[in-house]
């Protein structure tokens, strides 16, 4: 998907024409970030990688850097130069949910019992001690807010609200309105949205716009313990005990799948 609302054409990568990578978890982002860091130089990459690092949304995009890359809100995107190149990457919503779950489970199982007792490891402790059904469907209200924030049609909510944790802001929005708002914001603010199945297009665009070469096709880090190419969604569905739980997770992907279809990326 492209937009011509901002100046385009060949540019020199730098603070006046930065790259902004809106990285959604479990969408090959670590590989892309590593390549952007390589071509820009580590000192030219914004140190803000996660929206929780700073106190304000504006501080997530500090001025003067050549690359912004991370799990970031983008309400302050217009504070950056007009010649920025802004993009995101999506994968099958079902596979993103399942990959995220199995990745966190793997990470949790690698922690010591003492480490899991630390307050900031509460989520890891829970995923390692309860069933998949209890993880997604049980717990108190704060836990369910966490589940919805991270799994419930994350793409549509992220693009509609321009924020990482957007469920509370969008929970009353009807799916069709959520979808249309997400599409509107993408068209206005992003130059491209890529699929993990075609990262060669990202390589080509970076070469055309900046004259720089990156290599991100078929290179993945932070992968789980399942062979690449093997679907994780059926494995996750098999861990759920009830039709109600399976229906809940299926509802978590429906608007996102519609968004991918509208963007011409498939599901």
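In the working numbering, the protein residues as written are 311 to 577. Just so you know, even glycine gets a beta-carbon here, dropped at the ideal spot from N, CA and C. Please read these numbers as outputs of a predicted model, since none were measured by experiment.
Of 483, 515, 540, the smallest CA-CA separation from residue 502 is found for 515. Taking a contact to require three or more Cβ pairs closer than 8 Å, the segment 408-424 and the segment 470-487 do not qualify as touching.
Taking the CA atoms as reference points, residue 510 sits about 13 Å from residue 338.
By the criterion of a C-beta distance shorter than 6 Å, residue 499 is surrounded in its chain by 387, once the five residues flanking it on both sides are discounted. A check of alpha carbon separations from residue 565 across 551, 402, 457 identifies 402 as the nearest.
Listed in chain order, the alpha helix (DSSP H) elements of length 4 or more contained wholly in the segment 413-439 are 423-426, 432-439. Residue state for residue 527 is assigned as coil, using DSSP reduced to three classes. Assigned with DSSP and collapsed to three states, residue 334 falls in coil, not helix or strand. For residue 503, no alpha helix (DSSP H) run applies; the uninterrupted beta strand (DSSP E) run containing it begins and ends at 502-505, by DSSP. Within its own chain, the residues whose Cβ lies closer than 7 Å to the Cβ of residue 457, once the five positions on either side in sequence are excluded, are 446, listed in chain order. For residue 358, there is no enclosing alpha helix (DSSP H), as DSSP gives it neither H nor E. With a threshold of 16 other beta carbon atoms within 10 Å, residue 345 meets it and is buried. In terms of CA proximity to residue 492, 398 leads the group 323, 350, 398.
Within the same chain, and ignoring the five residues on either side of residue 546 in sequence, the residues whose Cβ sits closer than 8 Å to its Cβ are 407, 408, 411, 412, 442, 559.
The DSSP-derived three-state label of residue 322 is coil. Straight across, the Cα-Cα distance linking residue 379 with residue 334 is about 10 Å.
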